[in-house]
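Note sheet for the following structure.
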Amino acid sequence: MKLSVRQIVVAGVMSAIAIFLGATRLGFIPFVLGVAITIMHVPVIIGAVLEGPLVGTIIGALFGIFSLVWAFVVPTGPGDLYFQNPLISILPRLFIGLTAWASYAAFRRASVPWGLILAGTMLGLTGAFGYQIAQASVPLALLVGGIVLGLIAAFIHQTFQRETEVLALTVAAIVGTLTNTVLVLSAIGLLSQLRLVQPPVPWGVLLGVGMANGIPEIVVAVLITTSVVLAWKRVETGGGSQL
Amino acid sequence: MPEFELLRNITIGQYLPTGSVVHQLDPRVKLIVGAVLMAAVMATSSLTGVALAFIAMLAALCLARIPLRHALRGLRSAWAFFLMVAVLQLLLFPHHRAVAQGSAALCQWGPLLVSTASLRLLILLLTRLASLILLVSLLTFCTTITELAHGTEHLLSPLQRVGLPAHELALVLTLALRFLPLLAREMERIMKAQAARGADFGAHSWNFLQRTRRMFPLLIPLFLISLRRAEELIEAMEARCYMGGRGRTHLIQLRAQRADFVALGSVVIFAAFLLATNFW
Amino acid sequence: MIVPLIQVKDLHHTYLRGTPMETVSLRGVDLVIERGEIVGLIGPTGSGKSTLLQHLNGLLRRQQGEVWVEGQSLGDPRTDLRRVRQRVGLLFQNPEDQLFERYAGDDVAFGPRNLGLDRNEVRDRVRRAMEAVGLDSIAFKDRLTVTLSHGERRRLALAGVLALEPDVLALDEPTAGLDPQGREELLDYLMRWRTERGGAIVLASHTMEDLARLADRAYVLVAGRIVLEGTPRQLFSQGEELARLGLGVPVATAVMWELRERGLPVRADCLTLEEATAGIRALFHA
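Those protein sequence lines, which keep their order, are chains A, B and C.
With my numbering, the residue at position 24 of the first sequence is 26, and numbering never jumps.
With my numbering, the residue at position 102 of the second sequence is 302, and numbering never jumps.
With my numbering, the residue at position 12 of the third sequence is 175, and numbering never jumps.
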């Protein structure tokens, strides 16, 4: 495994941003009733999109280590109790870079064979999980199904339009954020079931938190990721100023 | 943010150079000792054990010549956290199971039932938490960034045989940590500049989307400035012929001294002792 | 009695108060800015110039001392600080870093939009501001901000502050990092703004040539205190004093001195290249 100078520097800089956002509370955007949405995983997504999955994984690891240390040094919410466990704070974050990059790369190619493979996979997965989820909550199943169908439709649309950067970035941000939310909450859930973490959290609560926090987090992540990367890559997106 | 002083936040858990024996330990030992102690404290489930651990942490802080008031300030400011943990525990405690094992109810506060069993668990949990927090604080008080990176690199270097680029990873860590104060200064400047143009960073918006938009004058420059600096740094490193870690030597060699082995040995013994208290 | 535009009395400022990294930045500063004048703030790095500027528009909260803008005390809780920030436009060092909108026109419009102005007014202000810095608004307003050159971005940032239509422009090292042509242009735009708008300018710099060219008056700030005050000609004629404080003089002034030291009968109080050239030429005609 070789890391080029570029990869080292970008990984370091993006990790610094993630830590900075966490340490100064700028990474927390207040939502409702005192709950906050976090954007500290966005540098992971951006790093992965710009420099690849290895860089994304490293940034994710440093982000995870920071949230672990911070949960000890400055614990503020009940969540910090769980982040004190590296299986919850570090392990899930290692995958954000990978999934974000993979979706970005896949959607950038915008070729028909890729599209068909992807569409088929997602339809299959949705079908399999949709049944499981529908058992727990019908609205959630419909939501997931809606997102997937929407993505496929957008993908097909873009395939015939060649304007793939915006879509690829959007998908990368969605997938990256989902990875963070789903894996972290699942880790908490699994460890709760195995009684490896006190107090154990029931799946129902996790699902609620996931939906309440997850959806706005996805929207915010998409907004920031697209703005930053499109600006950095000097992509002409048409339109003009709002004057 | 009326004071615009971001540097304040980054300085929590900062290095406090007191020149004690703890400070002078080999960073590899500090990291290993930290990990071992952390694991041991987390695995301790007896009241005596966690009480011992807490006292040991205080003793270690004294040994490191860290003023106790300063160290305990961190604990004090986390009182809300401790309260939340306590409430959560009491809410989710399986009382019926405990009653079967002979626990007696002590007092009731609405949905919160305090029994001998849950009280015991509460004290255990909170003391353990406090010990862990003090341990991590101790580590950050006594280890500099350079030491951390150096130690990590050395500890990871055996993995180089399986392809893990230890030096490069340690460099990423160093870079990130050194970049932090730079980021704080730049962001302070940007925050003030945007405020001078009337930005309010979402302070008066109720809609989270609007709030996010209002944070853009900070967030976009945060990333763009950092990426630009990154480009400059890449050029600078390449101009100095940086070619990766293979064959690189260090100016400061890490050499384990007698004190390090003593520290290592005593911590291992203490950890074993802690685990033993579980069975008393 | 005419109230000065800006008045500062006994201003103190300490950063990170109460932490082990406390730093005192200002130790009792008094100054006055009148309408229409260009005032320079000279001082070495770390002397407190930036801190002082940030007090002039209420960005930094008053700790000890008083600041009055158009007769209003900034320490008074009834003072509307947002209005003060519109009246006193502050441009930071390397202001091109603050550009965040995708399109250039939108970034200039940020300030006016924050003032709550309607669309047409915003559009007019952006157009006027961009033209005041030499950027044709039709051509530039829809350009991607990141694709502009360094000099253009700096001028765009200045336009962003000009669009607030302030009465006072406070600038921190406005020409730092610009090439000579960019510097000339920027200084020209500033002079033009002062003439057309009649506003005052406060310029913090350690580029002595800028101050020699623009300032009517200047204060010398060292370690948080005002140590000297006067017109540029008065100040730069005290070369040894400035050198002792760690400051320089404009190149033209230094050259003329050097010539005087060697016994040539030239004027020693030249500030600009033109004056120096004229002085040297005069030697040959004598």
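Note that CB positions come from ideal geometry on N, CA and C, so glycine has one too.
- Shown here for proline 207 of chain C: same chain residues with a beta carbon closer than 8 angstroms to its own, the five before and five after excluded, namely His369, Val385, Leu408, Gly409 and Leu410 in chain order.
- For glutamine 227 of chain C, the uninterrupted beta strand (DSSP E) segment begins and ends at 227-232.
- Straight through space, the alpha carbons of leucine 169 of chain A and glycine 152 of chain A are spaced by roughly 12 angstroms.
- The shortest C-alpha to C-alpha distance from aspartate 173 of chain C to any of C:Gly191, C:Glu185 and C:Arg180 is the one to C:Gly191.
- Shown here, alanine 363 of chain C sits in a strand according to DSSP, grouped into three states.
- Around the beta carbon of lysine 212 of chain C, 16 or more other beta carbons lie within 10 angstroms, which makes this residue buried.
- Among the residues facing chain A, glutamine 289 of chain B is included, as its CB has a counterpart in that chain under 7 angstroms away.
- Annotation for serine 91 of chain A: the continuous alpha helix (DSSP H) segment containing it runs 88-91.
- Chain-ordered, the chain B residues with CB closer than 8 angstroms to the CB of leucine 327 of chain C read Arg397 and Gly398.
- Annotation: threonine 26 of chain A is outside any beta strand (DSSP E) and is labelled neither H nor E by DSSP.
- Those residues of the region 267-287 of chain C placed with their C-beta closer than 8 angstroms to a C-beta in chain B are Phe273, Gly274, Asn277 and Leu278, ordered along the chain.
- Membership of isoleucine 301 of chain C in any beta strand (DSSP E) is not indicated; the residue belongs instead to the alpha helix (DSSP H) covering 300-303.
- Annotation: leucine 237 of chain B to valine 76 of chain A spans about 19 angstroms, alpha carbon to alpha carbon.
- Straight-line spacing of the CA atoms in leucine 338 of chain B and threonine 344 of chain B works out to 12 angstroms.
- For leucine 419 of chain B, the closest Cβ of chain A is nearer than 7 angstroms.
- The shortest C-alpha to C-alpha distance from glutamine 217 of chain C to any of B:Leu451, B:Lys392 and B:Ala403 is the one to B:Lys392.
- Bounds of the beta strand (DSSP E) holding aspartate 193 of chain C are 186-196.
- For tyrosine 215 of chain B, the three-state secondary structure derived from DSSP is coil.
- Within chain A, the residues placing a beta-carbon under 7 angstroms from that of isoleucine 434 of chain B are Val7, Arg8 and Val11, ordered along the chain.
- Contact annotation for valine 324 of chain C against chain B: Ala396 and Arg397 [CB-CB distance below 8 angstroms, chain order].
- In the structure shown, leucine 174 of chain C adopts extended strand secondary structure according to DSSP, grouped into three states.
- Classified as buried, alanine 25 of chain A has 16 or more neighbouring CB atoms from the shown chains inside 10 Å of its CB.
- Residues of the region 217-242 of chain A with a C-beta atom less than 8 angstroms from some C-beta of chain B are Pro218, Val221, Val222, Leu225, Ile226, Ser229, Val230, Ala233 and Trp234, listed in chain order.
- The region 19-33 of chain A makes no contact with the region 325-340 of chain B, as fewer than three CB pairs between them are under 8 angstroms.
- Taking the Cα of alanine 375 of chain C as reference, the smallest distance to any Cα among C:Gly426, C:Gly221 and C:Leu434 is reached at C:Leu434.
- Comparing C-alpha distances from arginine 95 of chain A to each of A:Val237, A:Ile10 and A:Val57 shows the shortest one belongs to A:Val57.
- In the displayed model, arginine 455 of chain B falls within coil according to three-state DSSP, outside both helix and strand.
- Apart from sequence neighbours up to five positions away, no residue of its chain approaches arginine 276 of chain B with a beta-carbon distance below 8 angstroms.
- Rounded to the nearest whole angstrom, the CA to CA distance from leucine 334 of chain C to glycine 148 of chain A is 53 angstroms.
- Counting along the chain, tyrosine 106 of chain A sits inside the alpha helix (DSSP H) bounded by residues 98-111.
- When rounded, the separation of the alpha-carbon atoms in methionine 16 of chain A and phenylalanine 408 of chain B is 24 angstroms.
- For leucine 275 of chain B, the enclosing alpha helix (DSSP H) covers residues 268-277.
- The three-state secondary structure of leucine 253 of chain C, taken from DSSP, is strand.
- Among the residues of the region 203-218 of chain A, none has a Cβ less than 8 angstroms away from any Cβ of chain C.
- For serine 105 of chain A, the closest Cβ of chain B is not nearer than 7 angstroms.
- Each of B:Ala456, B:Thr316, B:Ala471 and B:Met257 was checked against the Cα of leucine 334 of chain B, and the nearest Cα belongs to B:Met257.
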